[in-house]
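One structure below.
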């Protein structure tokens, strides 16, 4: 589903962050409020830098935070502008022309005006200039990664360029131009629409969220995309809200002197002129005191979704292992139980925490798709989940789950850019949530977590053709 966030990234950072934390790491806060995580590794020839920021979209424009992130690589008022004041005015004129044409798309004169003002704006700004500045520092492969509820800038550089790269990142934060927002926004709208069309479970998940967390911002990601161009002033306000230093974490991994780098970053990230703003309070699931059940029709394939509200302050590794053991794939307890009961075409998957959120304040979502139909399937799945949570996993079953999780992360853990990204995400999204190394996972603890989860009242949504 769009924006295609890796919902297992939360589990991934458990392992990657723990792997790097075993080395020498240091976390500090710069004078402007930016958090830094330093993970020096002399064996790495480069420095890999990740900057994670929270997604805080305005209600009507889901995806605007990501759009401003992508647009930020098109430069700043100091990098790419022929005349900053004239370009600001031209982009504002272009914005008004977009709005006028959108209100009357059949008006040829308004379209001509839009084309004219777009050409004038583009003549005053160079979208490639900031990337050329970065390349000269040098910076290799700057990219924007969507990890809802965060967005991440990832790049690679050398230790000698850390001060220059830091100054470029501050310039981007303070003086972004958003000069190609009119290009980026339609791309995001199309991506989101295509992803929804390609994922028949979107409507079922939207119904689950409506029953449990109707005010959660992720619900807007499941709505029909807003096609209207967001106003530039709203885009700038969104940028300034998401980029506030206290909502930003930088992680650096590679060959550098941590004391020298810390001193450099404290000087570079000294102050911000971004206006102060309050982030919306976190949305947590409503207590479910009785069974909630709903039906969604018109799906191409029958399926059921069962969601359990997660208890607070769960250990992330225990949650990952418990969800995998319980309902991830055909080898899981639920997958095997359904096979024994004759549901040979049932496909089982699980996500936890869901929706993607900070501090794992969400739900465990079990989805079962079965081309044979869903009659009595929801009750069968619920019964199986509760029967599973009465005996702790055997040593062999637990070892198989842990081995599968570790194999899945091996390739990523060997990628230093992914490690930097994971460290930044971990500190931003899970500053307090406990995490246990895989080798210390106890079968009794897995059973306790499973029992706490599935003993609560569920939310059940059936998807029918």
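Numbering (the numbering used here), first residue to last: 136 to 600. Heads up, the beta-carbon is just placed ideally off N, CA and C, and yes, glycines get one too.
Query                                                                                                                             : Result
Cut-off 6 Å between Cβ atoms - residues of its own chain near residue 520, not counting five sequence neighbours on either side   : 589
Which residues DSSP lists as bridging residue 597, in chain order                                                                 : 430, 439
Cβ contact (3+ pairs, closer than 8 Å) linking the stretch 189-200 and the stretch 355-373                                        : yes
Given residue 544 as reference, the closest of 566, 569, 573 once Cα atoms are compared                                           : 573
Beta-carbon spacing of residue 581, residue 453 below 8 Å                                                                         : yes
Extent of the continuous alpha helix (DSSP H) to which residue 515 belongs                                                        : 512-523
Own chain, CB closer than 7 Å to residue 244, minus 5 neighbours either side, in chain order                                      : none
Residue 186 vs residue 385 beta-carbon contact at 8 Å                                                                             : yes
Cβ contact (3+ pairs, closer than 8 Å) linking the stretch 206-226 and the stretch 297-314                                        : yes
Reduced DSSP secondary structure (H/G/I, E/B, other) of residue 322                                                               : helix
Residue 299 versus residue 434: straight-line alpha-carbon distance, rounded                                                      : 53 Å
Exposure of residue 177, with buried meaning 16 or more beta-carbon neighbours within 10 Å                                        : exposed
Nearest to residue 234 (by Cα), restricted to the options 362, 396, 524, 428                                                      : 362
Three-state secondary structure assigned by DSSP to residue 482                                                                   : strand
Straight-line Cα distance separating residue 214 from residue 268                                                                 : 8 Å
Residue from 556, 567, 577 whose Cα sits closest to the Cα of residue 286                                                         : 556
Residue environment, residue 504, which counts as buried when at least 16 other CB atoms sit within 10 Å                          : buried
Inter-residue spacing [alpha-carbon to alpha-carbon] between residue 583 and residue 446                                          : 12 Å
Burial state of residue 414, where buried means 16 or more other Cβ atoms lie within 10 Å                                         : exposed
Residue 214, DSSP secondary structure in three states                                                                             : coil
Chain-order list of residues whose beta-carbon lies under 6 Å from that of residue 440 (same chain, five-residue window excluded) : 339, 343, 502, 596
Environment of residue 542 [buried if 16+ CB atoms lie within 10 Å]                                                               : exposed
Three CB pairs or more closer than 8 Å across the stretch 346-353 and the stretch 218-237                                         : no
Extent of the continuous alpha helix (DSSP H) to which residue 277 belongs                                                        : Where residue 277 is concerned, there is no enclosing alpha helix (DSSP H), although the beta strand (DSSP E) it sits in stretches over 275-282.
Contact under 8 Å by Cβ, residue 562 with residue 172                                                                             : yes
Residue 593, buried or exposed, once every other Cβ within 10 Å from all chains shown has been counted against 16                 : buried
Residue 389 (DSSP reduced to helix, strand or coil)                                                                               : strand
Euclidean distance between Cα positions of residue 326 and residue 443                                                            : 30 Å
Sequence-distant residues of the same chain with beta carbon closer than 7 Å to residue 165, five excluded per side               : 171, 400, 401, 404
Residue of 554, 323, 487 minimising C-alpha distance to residue 183                                                               : 554
Candidates 531, 465, 284, 540: closest to residue 355 by CA position                                                              : 284
Cutoff 8 Å: residue 242 Cβ touching any chain C Cβ                                                                                : Looking for chain C here will not work: only one protein chain is present.
Rounded Cβ spacing between residue 181 and residue 291 (contact assumed at less than 8 Å)                                         : 5 Å
Span of the beta strand (DSSP E) around residue 351                                                                               : Where residue 351 is concerned, there is no enclosing beta strand (DSSP E), given that its DSSP letter is neither H nor E.
Assigned exposure category for residue 499 - 16 Cβ within 10 Å defines buried                                                     : buried
Residue(s) in a DSSP beta bridge with residue 260                                                                                 : 216
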